[in-house]
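Novice: Encoded as structure tokens, here's the structure I'll be asking about.
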Ligand SMILES: [Zn+2]
């Protein structure tokens, strides 16, 4: 039987690496900082910071960028992270499509592509196509330090398998850890899509620092959430913590594929929204839609033109998203909830209802403080999230993963 450490200890070298990582993470967020500012933020002496920074400069991870105005108007040398020397590949895998993008660790996008596949297609063939594309990008971009892969949840993180994939059972037996662990000479890190979205918002979402706890609420084809609490992703025992889409909001509701009844996902996913809209607004769907996200855009467009029925349909979905937010607040006490993915289009019709529900159903001390926002990320949050999975891991061990050039 595999031995598990009861209590994790830290060696002095671990502590040094943790401090280097903290500096790198501060610079990832603030672009340019002085040594004195970093010392203040970390609560360490400037002498310690000077030593740690010297190593990071020697390794080529951090650079000096001339004189900037520091504390108390003193002029000091600025420091910046050499983000452009450290690229990551993000891979988003979903039910009908896989997307691949090259980013740097500050979140700048270099290139992206999408490949559609059918659910009847041989899984091996799809995986080979994905790996071939990654290999091509690794040849093209020599500064790639890691690869992040975002999969639909619930993903059994320790085992490497997707536990339940609605309408794509052939993928159930694929072990993603085995598939990718020796495939490239770069590390591959894997998380489920809502966790990826949470990391994307944490690293690239520009929600202000310091930030104690962020919950990403994914409302798309699936419904789920990811929680970053005090700088760490909440994982749980098997890696499937915070599967809010399968929390029941009606004990007697219809049966969900997970075995539970009346799961939240059945009420506010893209499918639930479209089912309702096709009944109430058949005129919008006379022409076949390209994909579900485009179908949601049609409803939002109609609402923006003043179509009362479209507005009502969106508000009804928002009510359920609001119930989800109440659960997230009671379970995780987030400082901010960021709602993302395809259903989150048309925020002007969703947010007022969501906030009203939260105000009615949580204690005032909580509802007055929690921020609820719609994702403002320009790129698909799950693809961005795949890059954030890799970014998160490499920034935690700069000496191991970041470029030494
Ligand atoms: Zn369920």
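Numbering (our numbering), first residue to last: 121 to 525.
Backbone N, C-alpha and C define an ideal beta-carbon position, used for all residues, glycine too.
This one's a predicted model, so the numbers in the text were calculated from it and none came from an experiment.
1) According to DSSP, is residue 409 part of a helix, a strand, or is it coil?
2) Please determine whether the Cβ atom of residue 341 lies at a distance below 7 Å from any heavy atom of ligand 1.
3) Does DSSP put residue 224 in a helix, a strand or coil?
4) Among all the DSSP beta bridges, which residues are the ones paired with residue 236?
5) Taking only heavy atoms of ligand 1 into account, decide whether any of them is closer than 7 Å to the Cβ of residue 292.
6) Under 7 Å from any heavy atom of ligand 1, does the C-beta of residue 153 make it?
7) I'd like the span of the alpha helix (DSSP H) that includes residue 486, first residue to last.
8) Taking residue 542 as the reference, which of 456, 284, 407, 305 has the closest Cα?
9) With H, G and I counted as helix, E and B as strand and the rest as coil, what does DSSP make of residue 281?
10) Distance, Cα to Cα, residue 464 vs residue 339?
11) Skipping 5 residues on each side, what residues in its chain have a beta carbon closer than 6 Å to that of residue 487?
12) Measuring CB atoms only, is the stretch 252 to 265 touching the stretch 349 to 368, in the sense that at least three cross pairs come out at less than 8 Å?
13) May I ask you to verify whether the stretch 499 to 511 touches the stretch 466 to 475, counting CB pairs closer than 8 Å and requiring at least 3?
14) Taking residue 188 as the reference, which of 172, 176, 333, 157 has the closest Cα?
15) Any heavy atom of ligand 1 closer than 7 Å to the CB of residue 327?
16) Is the Cβ-Cβ distance between residue 217 and residue 269 less than 8 Å?
17) Between the stretch 398 to 409 and the stretch 422 to 442, can you find at least three pairs of beta-carbon atoms closer than 8 Å?
Specialist: According to the data block:
1) By 1-based counting over the chain shown, the position of residue 409 is 289. The answer is coil: DSSP assigns residue 409 none of H, G, I, E or B.
2) As a first step, residue 341 is located in the chain shown; it is residue number 221 there, counting from the start. Every heavy atom of ligand 1 is 7 Å or more from the Cβ of residue 341, so no.
3) For the purposes of this step, residue 224 is taken as residue 104 along the chain shown, with counting starting at 1. Three-state DSSP puts residue 224 in a strand.
4) Locating residue 236 in the chain shown gives position 116, counting from the first residue. Paired residues: 217.
5) For the purposes of this step, residue 292 is identified with residue 172 of the chain shown, where counting begins at 1. Flag unset: Cβ of residue 292 not near ligand 1.
6) As a position in the chain shown, residue 153 is number 33, starting the count at 1. Incorrect: residue 153 has no Cβ contact closer than 7 Å to ligand 1.
7) The count along the chain shown starts at 1 and reaches residue 486 at position 366. Counting along the chain, the alpha helix (DSSP H) containing residue 486 begins and ends at 484 to 487.
8) Not covered by the structure: residue 542. The range shown for the chain is 121 to 525.
9) Translated into the one-based positions of the chain shown, residue 281 becomes position 161. It is a strand residue.
10) The residue labelled residue 464 in the question sits at position 344 within the chain shown. The residue labelled residue 339 in the question sits at position 219 within the chain shown. Going by the C-alpha atoms only, they are around 7 Å apart.
11) Stepping through the chain shown from its first residue, residue 487 is reached at position 367. Excluding positions up to five away in sequence, the list reads 478, 479.
12) These segments do not touch.
13) no
14) Within the chain shown, the letter at position 68 stands for residue 188. Checking every option, the nearest Cα to that of residue 188 belongs to 157.
15) The sequence position of residue 327 within the chain shown is 207, counting from 1. No, since every heavy atom of ligand 1 falls outside the 7 Å radius drawn around the Cβ of residue 327.
16) As a working note, residue 217 is residue 97 in the chain shown. As a working note, residue 269 is residue 149 in the chain shown. Not in contact: residue 217 and residue 269 (Cβ atoms no closer than 8 Å).
17) yes
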